[in-house]
Amino acid sequence: MRDLIRLYGAMLQASLGVQVQYRVALVIWLLGLVIQPVVYLVVWSAVAGQGAVGGYTRGDFAAYYLTMMVVNHLTFTWIMWEYDYLIRQGQLSAMLLKPANPVHRLAADNIAYKLLTSVVVLPMAVLLGLYFRPTLSLTLERVALFLAAIAGAWVLRWLLEYTLALAAFWTTRVTALNELYYGLFWFMAGQVAPNALLPPGVQLAAELLPFRYTVGFPVELVLGRLQGAQIAQGFAVQLIWLAIAFASYHLLWRAGLRRYSAVGG
Amino acid sequence: MYYLAVLRVLFGVNLLNELQYRVNFAVQLVQSAISLGTALLGLAVIFSHTRTLGGWSPEELVVLLGIYSIMAGFMGAVIGPSLSRLMQDVRDGTLDFTLTKPVASQFLVSFRQIVIWRLADVLLGGALVFGGTVRLGERIGVLQAASFAVTLVAAAVIVYSFRLVLATLTFWIIRVENIMVIWSSLFEAGRYPVGLYPEWLRMVLTLVVPVAFATTVPAEALAGRLNPTVLAAALALAALSLGIASAFWRYGLRHYTGASA
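Protein sequence lines correspond, in order, to chains A and B. Residues in the first sequence are numbered consecutively from 693, following our numbering. Residues in the second sequence are numbered consecutively from 767, following our numbering.
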């Protein structure tokens, strides 16, 4: 464990150094992350009007989508595209020669990116909050649970998307798979609408599948939308999916590595 | 006429090239269908809680989604790949070969690279527009159809000009791909009518990045509620932006000094 912490410390430092060079590009890339929640915030505000939809008023939607913007920023990964690239260009070979599993290096890149860009995302959320006026009342207990849920959400999303990214070992056409994943994700993670506004069947599916536990669950939790039993249940499902994702990652990584024959240098 | 013939040849060459990878067509079709299918389901969720959205009916939003898909397909099939290649060529210095050809350089760099399969988005988007229009029923007359066609062409011209201006920056800035992201991010907002957005965002989407003209205006034209002044403005803007983009391209070209030769 001590070694792992030292490893991450060193890799974070290296990764930060690299990424700081592209700071303008990093900020531009954030645009996409901000625009989607704002679009759906505006759409649902128009639907709610002066009343409420499914228990959400305008202010509630503002709180939901602005929190979601931050949570989504903290948990998102670009690993599915990066892996495809690393394998097709044969760059994975160089990473395999190093003593640490590539997953650590790539995770450190992700964390470094989040550290850097949070400097922009958090003030942006506050600024948008001044405009959209969210109704938000926080308790200390809920914020603590929220932070725990985000940590779980980040690890779960990382493992889930990393495992899917490993599909690149078997096929060079991962784009269709990615599209399917993001289609489901968009629906089930709470991006198109808060879970309570989805049709009952989809709601049930969302509660059973992993997607909601990477974004929607922490958001609903901190907004006080969930009762005690629902919170416990949510953490339980998150943990179960974490175990499943971890096991599948292990299996697929071993099988994929055996299949991997370097392309190019 | 000469340029039409060149365009036909370019299309033929790209088609032959891509026919080698026919499975890609199926993959692209699946991908487009998934993305449009989820978008339609999203609309279904929204309209299960309301009857109109900012004065737009469900059918009108289906038409808007279709137009969004047509524009995305056109940009993704023709303009995007061609302009990407331009940036690559400037970095490698291989733009020299393009400039020596007896065709206007702007024409060649804009239409040279065609990813045929991405036209699936145009097909599926067209089907959505058609389906939505049929459901809208008798409100669509010849006048609406004609102004729709005109605004759609104007939209393509405006968006193309905007992207050409961004791509031309490649003569000064090396990593211009990052600037192109501005367009693809904000274009997302075009899935919904711009009238929905708050004043400041609507201004940005109309005056800074022409998302409003790309999707909302043609949809309004088809639904028969386009203000004649907006129609005139769209046409004027199309002519103006094409003029500016061409002038900027020529200006940028003077800054090009081959990297290899």
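All C-beta atoms, glycine included, are put in the ideal place defined by N, C-alpha and C.
DSSP three-state assignment for leucine 725 of chain A, whether helix, strand or coil
Looking up residue 725 of chain A in the first sequence gives position 33. Here leucine 725 of chain A sits in helix by DSSP.
Is there a Cβ of chain B sitting closer than 8 angstroms to that of threonine 867 of chain A, yes or no?
Locating residue 867 of chain A in the first sequence gives position 175, counting from the first residue. Taking CB atoms only, threonine 867 of chain A has a neighbour in chain B less than 8 angstroms away.
Chain B contact for phenylalanine 879 of chain A (CB, 8 angstroms cutoff)
Walking along the first sequence from the start, residue 879 of chain A turns up at place 187. Phenylalanine 879 of chain A counts as touching chain B.
Chain A residues whose Cβ lies nearer than 8 angstroms to that of tyrosine 958 of chain B
Taking the second sequence and counting its residues from 1, one reaches residue 958 of chain B at position 192. Those are Val731, Val734 and Val735, listed as they occur along chain A.
What does a CB cutoff of less than 8 angstroms around valine 835 of chain A pick up in its chain, not counting 5 residues either side in sequence?
Locating residue 835 of chain A in the first sequence gives position 143, where the first residue counts as 1. So the qualifying residues of the chain are Val914.
Burial state of asparagine 793 of chain A, where buried means 16 or more other Cβ atoms lie within 10 Å:
Numbered from 1 along the first sequence, position 101 holds the residue referred to as residue 793 of chain A. Within 10 angstroms of the beta-carbon of asparagine 793 of chain A lie fewer than 16 other beta-carbons, which makes it exposed.
Please list, in chain order, all residues of the same chain as serine 707 of chain A whose beta carbon is under 6 angstroms from its beta carbon, the five residues on each side excluded.
Within the first sequence, residue 707 of chain A is the residue found at index 15, counting from 1. The residues Ala800, Asp801 and Ala804, in chain order, have a CB closer than 6 angstroms to that of serine 707 of chain A in the same chain once the five nearest residues on each side in sequence are set aside.
Output yes or no for whether 8 angstroms exceeds the beta carbon distance between serine 1012 of chain B and glutamine 879 of chain B.
Mapped onto the second sequence, residue 1012 of chain B falls at position 246. Mapped onto the second sequence, residue 879 of chain B falls at position 113. The Cβ atoms of serine 1012 of chain B and glutamine 879 of chain B lie no closer than 8 angstroms to each other.
Glutamine 728 of chain A versus chain B: which residues are under 7 angstroms apart at the beta carbon?
Within the first sequence, the letter at position 36 stands for residue 728 of chain A. Simply Glu954.
Expected contact under 8 angstroms - CB spacing of tyrosine 941 of chain A and alanine 845 of chain A to nearest Å:
Translated into the one-based positions of the first sequence, residue 941 of chain A becomes position 249. Translated into the one-based positions of the first sequence, residue 845 of chain A becomes position 153. Their Cβ separation, rounded to whole angstroms, is 16 angstroms, which puts tyrosine 941 of chain A and alanine 845 of chain A out of contact at 8 angstroms.
Is alanine 985 of chain B closer than 8 angstroms to leucine 830 of chain B when the C-beta atoms are compared?
For the purposes of this step, residue 830 of chain B is identified with residue 64 of the second sequence, where counting begins at 1. For the purposes of this step, residue 985 of chain B is identified with residue 219 of the second sequence, where counting begins at 1. Yes; because the gap between Cβ atoms is below 8 angstroms, this pair is in contact.
Note down, in chain order, each residue of its chain lying with its Cβ closer than 6 angstroms to the Cβ of proline 847 of chain B, except the 5 sequence neighbours on either side.
Position 81 of the second sequence holds residue 847 of chain B. In the same chain as proline 847 of chain B, and ignoring 5 residues on each side of it, the C-beta atoms closer than 6 angstroms to its own belong to Gln879 and Val881, in chain order.
Roughly how many angstroms lie between the CA atoms of threonine 809 of chain A and threonine 864 of chain A, to the nearest whole one?
Here residue 809 of chain A corresponds to residue number 117 of the first sequence, with the count starting at 1. Here residue 864 of chain A corresponds to residue number 172 of the first sequence, with the count starting at 1. So the two alpha carbons sit approximately 31 angstroms from each other.
As an exercise, report each continuous beta strand (DSSP E) stretch of at least 3 residues that is fully enclosed by the stretch 853 to 913 of chain A, in chain order.
Those beta strand (DSSP E) runs which fall completely within the stretch 853 to 913 of chain A and span 3+ residues do not exist here.
Rounded to whole angstroms, what is the Cα-Cα separation between leucine 773 of chain B and proline 959 of chain B?
Within the second sequence, residue 773 of chain B is the residue found at index 7, counting from 1. Within the second sequence, residue 959 of chain B is the residue found at index 193, counting from 1. Distance between the alpha carbons of leucine 773 of chain B and proline 959 of chain B is about 34 angstroms.
For glycine 839 of chain B and alanine 805 of chain B, believed in contact at Cβ under 8 angstroms, the rounded distance:
On the second sequence, residue 805 of chain B is found 39 positions in, with the first residue counted as 1. On the second sequence, residue 839 of chain B is found 73 positions in, with the first residue counted as 1. Actually they are not in contact, since the Cβ atoms of alanine 805 of chain B and glycine 839 of chain B sit about 14 angstroms apart, beyond 8 angstroms.
Between the C-alpha atoms of asparagine 968 of chain A and threonine 995 of chain B, what's the straight-line distance to the nearest angstrom?
Outside the shown range of chain A, which is 693 to 957, sits residue 968 of chain A, and nothing can be said about it.
C-alpha distance - leucine 819 of chain A paired with leucine 722 of chain A, whole-angstrom precision
Numbered from its first residue, the first sequence carries residue 819 of chain A at position 127. Numbered from its first residue, the first sequence carries residue 722 of chain A at position 30. Rounded to whole angstroms, leucine 819 of chain A and leucine 722 of chain A show a C-alpha spacing of 15 angstroms.
Do isoleucine 812 of chain B and valine 716 of chain A have their beta-carbon atoms positioned less than 8 angstroms apart in this structure?
Against the first sequence, residue 716 of chain A aligns to sequence position 24. Against the second sequence, residue 812 of chain B aligns to sequence position 46. No, these two residues do not count as a Cβ contact at 8 angstroms.
Give the DSSP-derived three-state secondary structure of tyrosine 958 of chain B in the structure shown.
For the purposes of this step, residue 958 of chain B is taken as the residue at position 192 of the second sequence. Residue state, collapsed to three classes: coil.
Is it right to say glutamine 919 of chain A is buried, meaning 16 or more other beta carbons lie within 10 angstroms of its own, or is it exposed?
Residue numbering aside, residue 919 of chain A sits at position 227 when the first sequence is read from its first letter. Exposed, since its Cβ has fewer than 16 Cβ neighbours within 10 Å.
Let me know if threonine 831 of chain A comes out buried or exposed under the rule of 16 or more other beta-carbons within 10 Å of its beta-carbon.
Within the first sequence, residue 831 of chain A is the residue found at index 139, counting from 1. Under this definition threonine 831 of chain A is an exposed residue.
Quick check: the stretch 975 to 994 of chain B against the stretch 822 to 836 of chain B, are there 3 or more CB pairs under 8 angstroms?
Yes: the two stretches touch, three or more of their Cβ pairs being nearer than 8 angstroms.
So what does tryptophan 822 of chain B bridge to, in DSSP terms?
Locating residue 822 of chain B in the second sequence gives position 56, counting from the first residue. The partner list for tryptophan 822 of chain B (beta bridge, DSSP) reads B/Leu819.
Assigned secondary structure, valine 869 of chain B (DSSP; H/G/I helix, E/B strand, else coil)
By 1-based counting over the second sequence, the position of residue 869 of chain B is 103. Coil.
For alanine 717 of chain A, which residues in chain B fall below 8 angstroms Cβ to Cβ?
Here residue 717 of chain A refers to the residue found at position 25 of the first sequence. Per Cβ cutoff of 8 angstroms: Arg941 and Asn944.
For a cutoff of 8 angstroms on Cβ pairs, would you count proline 886 of chain A as touching chain B?
On the first sequence, residue 886 of chain A is found 194 positions in, with the first residue counted as 1. It does not: the Cβ of proline 886 of chain A has no partner Cβ on chain B nearer than 8 angstroms.
Which residues does DSSP pair with valine 1000 of chain A in a beta bridge?
Nothing can be reported for residue 1000 of chain A, as the shown portion of chain A is limited to 693 through 957.
Backbone CA spacing between tryptophan 945 of chain A and leucine 704 of chain A [nearest angstrom]
As a working note, residue 945 of chain A is residue 253 in the first sequence. As a working note, residue 704 of chain A is residue 12 in the first sequence. C-alpha separation (whole angstroms): 23 angstroms.
Separation of arginine 1020 of chain B from leucine 661 of chain A, as counted between CA atoms
What the structure shows of chain A is the stretch from 693 to 957, and residue 661 of chain A is not part of that stretch, so it cannot be assessed.
Could you check how far apart the C-beta atoms of threonine 917 of chain B and glycine 956 of chain B are, in whole angstroms? I think they sit under 8 angstroms.
Residue mapping note: residue 917 of chain B aligns to position 151 of the second sequence, counting from 1. Residue mapping note: residue 956 of chain B aligns to position 190 of the second sequence, counting from 1. No, threonine 917 of chain B and glycine 956 of chain B are not in contact; Cβ-Cβ is about 14 angstroms, not under 8 angstroms.
Measure the alpha-carbon distance for alanine 702 of chain A versus leucine 782 of chain B and round it to whole angstroms.
Here residue 702 of chain A refers to the residue found at position 10 when the first sequence is read from its first residue. Here residue 782 of chain B refers to the residue found at position 16 when the second sequence is read from its first residue. A direct Cα-Cα distance of roughly 50 angstroms separates alanine 702 of chain A from leucine 782 of chain B.
Interface positions of the stretch 802 to 830 of chain A facing chain B (Cβ-Cβ less than 9 angstroms), listed along the chain:
Cβ contacts with chain B come from Tyr823 and Phe824.
With burial defined as no fewer than 16 other Cβ atoms inside 10 Å of the residue's Cβ, what is the status of serine 951 of chain B: buried or exposed?
Along the second sequence, read from residue 1 onward, the residue named residue 951 of chain B stands at position 185. With 16 or more other Cβ atoms from the protein chains shown falling within 10 Å of its own Cβ, serine 951 of chain B counts as buried.
Mind pulling the chain A residues with CB within less than 7 angstroms of tyrosine 963 of chain B?
Sequence index remark: in the second sequence, residue 963 of chain B carries index 197 (1-based). Within 7 angstroms of the CB of tyrosine 963 of chain B, the CB atoms of chain A belong to Val734, in sequence order along the chain.
Classification of serine 835 of chain B by the beta-carbon crowding that lies within 10 angstroms, buried from 16 upward:
Position 69 of the second sequence holds residue 835 of chain B. It counts as buried.
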